[in-house]
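Visitor: When we follow UniProt numbering, the leftmost residue of the sequence shown carries the number 1, and every step to the right adds one.
For glycine and all other residues, C-beta sits at the position ideal for the given N, C-alpha and C.
Treat the numbers as computed from the prediction; the structure is a model and nothing was measured.
Mind looking over this structure? Questions follow.
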Amino acid sequence: MPADLDEKTTRYGEMLADALAAAEVCVPEGTPLHEMALECEEMAVSYLDDGRHFRANDDPVNALASYSYGYGWLDCGVRMGLFSIPEDTHLFTTE
């Protein structure tokens, strides 16, 4: 059964917003890793904003792509140890 595009787009947008709220930069300020963390966070926020723009303009395909890219940036930062996340979260791939 094919996925419902509207449902999936809504779900991914909500997941990215929740993930951004849950992730906290955990590397020391003034270090190159801190700058990398801020860049990952900025990219994820930018893609969330882009996705919302596309969604508002009835373009769910590009909205879903934007949410997915944003999530990828944030998830990569978590995997690299740039962000701390709650232990009980299901929003990230940690193992």
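Going along the chain, which residues of its own chain have a beta-carbon closer than 6 Å to the beta-carbon of Glu35, five neighbours each way excluded?
Guide: Counted from its first residue, the sequence shown places residue 35 at position 35. Closer than 6 Å at the Cβ level, and outside the excluded window around Glu35, lies no residue.
Visitor: Give the secondary structure of Val27 by DSSP, where H, G and I count as helix, E and B as strand, and everything else as coil.
Guide: For this step, residue 27 is matched to residue 27 along the sequence shown. DSSP places Val27 in coil when its eight states are reduced to three.
Visitor: Would you please state the rounded distance, in angstroms, between the beta carbons of Ala44 and Gly13? I believe it to be under 8 Å.
Guide: Taking the sequence shown and counting its residues from 1, the one referred to as residue 44 is at position 44. Taking the sequence shown and counting its residues from 1, the one referred to as residue 13 is at position 13. Wrong, their Cβ atoms sit about 12 Å apart, outside the cutoff.
Visitor: Using beta-carbon positions only, say whether Phe83 and Ser66 come within less than 8 Å of one another.
Guide: Here residue 83 corresponds to residue number 83 of the sequence shown, with the count starting at 1. Here residue 66 corresponds to residue number 66 of the sequence shown, with the count starting at 1. For Phe83 and Ser66, no; Cβs fall outside 8 Å.
Visitor: On the CB-based measure, 16 or more other CB atoms within 10 Å of its CB, does Glu39 come out buried or exposed?
Guide: In the sequence shown, counting from the first residue as 1, residue 39 sits at position 39. Classification of Glu39: exposed, given that the 10 Å Cβ count is below 16.
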